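Colleague: Residue 266 in the numbering used here sits at position 249 of the sequence shown, and the numbers go up by one each step. By construction, the Cβ of each residue, glycine as well, lies at the ideal position given by its N, Cα and C atoms. Quick caveat, the model's predicted, so the values are computed rather than measured.
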Amino acid sequence: MKKQTPEIVIPKINVWARMAQVWTNPNFIQTVLYAEKEKAVSRTWVFWFVWNSLISVVATVAIWFLLAQNWVNWLENDWWNTVPEFEASVTDGVLSTNLPEPYIIYEDEEFIAVIDTQEITFSEASLEDYAGGLVVTADKMVVREDTGEYRSFNFSEIEEDFSFTKMDVQNGYYSVKPTLLSFAVGFMFVCIWIWLSLIRLISAAWWALVFWGVGVLAKIPDWSYGKSYLSVLNFYVIVLAFESILLLLSIGVLPFSSLLVFGLVFGVNFYSFKNELEVQ
């Protein structure tokens with residue numbers, strides 16, 4: 018006679034209790050997913066959304082302090098000091114500056130931009146000698162992109178004459194800095210969240226197929242691809258935690274690390290499930 022899945026009734030658990038169950042319950046698949054029945058789908062997706070968002074927040078904070086904050090510090094403490102005091106003005110569509118021209122800007126020994134209003138050495142044609150860059154002449158600003166395409170802006174399109182100094186640029190930067198940083202952090206979080214979502218959901222489909230096959234071979238009652246996929250979504254938090262620890266320890270993600278963790282978690286759950294059935 019075919020063994021039936023034991024009827025187990027448990028109270029609804031919140032996201033944090035579910036997190037604890039994922040880590041500490043060796044029979045999570047049976048005592049939580051199977052017991053939740055049709056509620057397992059919605060509760061799993063809520064759980065997945067919460068932990069994916071939490072990991073995205075942690076990743077955003079880490080990237081900000083490890084990379085972005087260093088760039089901001091470089092801009093405000095180092096780069097500003099390399100820019101000389103200057104005054105520039107646009108009058109009747111013509112740019113003039115008090116900089117020694119041609120004023121060339123390099124970064125890591127690579128040409129970035131040049132201001133040459135007299136076209137003493139540089140002009141739009143000069144960009145043909147470089148993979149990319151910016152040339153500012155008296156009447157226009159020309160950018161050559163990495164693709165080789167040119168984009169230009171004519172100063173004659175500016176309706177009113179104006180002038181600005183280095184201090185004006187710095188003050189303008191600091192006035193919009195809070196907005197820029199807020200946008201940058203928010204944009205970073207959204208990109209990380211979407212990237213994690215796409216990568217994990219696609220890979221979850223593969224892992225679900227693998228452990229659906231393992232569950233069938235192990236003769237887990239009422240086992241299906243859907244239950245396997247839900248299990249992977251719940252257990253993925255363990256895999257990500259393990260891989261994050263490896264990265265923090267500068268070890269790097271090991272080959273087959275996901276397979277090892279998933280294999281261990283599913284193995285323990287299947288073993289506990291089978292033992293529970295034998296007791297029944």
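1. In whole angstroms, what is the alpha-carbon distance linking W81 and F290?
2. Taking the continuous alpha helix (DSSP H) assigned at G203, which residues delimit it?
3. Taking just the CA atoms, how far does F200 sit from L277?
4. Taking the continuous beta strand (DSSP E) assigned at F170, which residues delimit it?
5. Tell me which residue opens and which closes the beta strand (DSSP E) that A105 is part of.
6. Among E260, D178, V100 and F273, which has the Cα closest to the Cα of A76?
7. In this structure, does DSSP put F179 in helix, strand or coil?
8. Given a cut-off of 8 Å on the beta-carbon distance, is the pair T310 and L247 in contact?
9. Looking only at its chain, what residues have a beta carbon closer than 7 Å to the beta carbon of F181, apart from the 5 residues adjacent to it on each side?
10. What number of angstroms, rounded off, separates the C-alpha of T22 from the C-alpha of V256?
11. Drop a sphere of 10 angstroms on the beta-carbon of V63, count the other beta-carbons inside from all chains shown, and report buried for 16 or more, exposed for fewer.
12. At which residues does the alpha helix (DSSP H) containing V75 begin and terminate?
13. Taking only the alpha-carbon atoms, compute the straight-line gap between I209 and V159 and give it to the nearest angstrom.
14. Which whole-angstrom value describes the C-beta separation of W229 and S245, a residue pair presumed to lie in contact below a C-beta threshold of 8 Å?
Modeller: According to the data block:
1. 43 Å
2. Start and end: K183 to L234.
3. 39 Å
4. Y167 to N171
5. Taken as a continuous stretch (DSSP letters only), the beta strand (DSSP E) holding A105 covers E104 to T108.
6. E260
7. strand
8. Because the chain here runs from 18 to 297, residue 310 falls outside it and cannot be looked at.
9. Cβ neighbours of F181 beyond the five flanking positions: A105.
10. In this predicted model, T22 has a pLDDT of only 49, less than 50, meaning its place in the structure is not dependable enough to derive any value.
11. exposed
12. Note, V75: alpha helix (DSSP H), K56 to I80.
13. 34 Å
14. 4 Å
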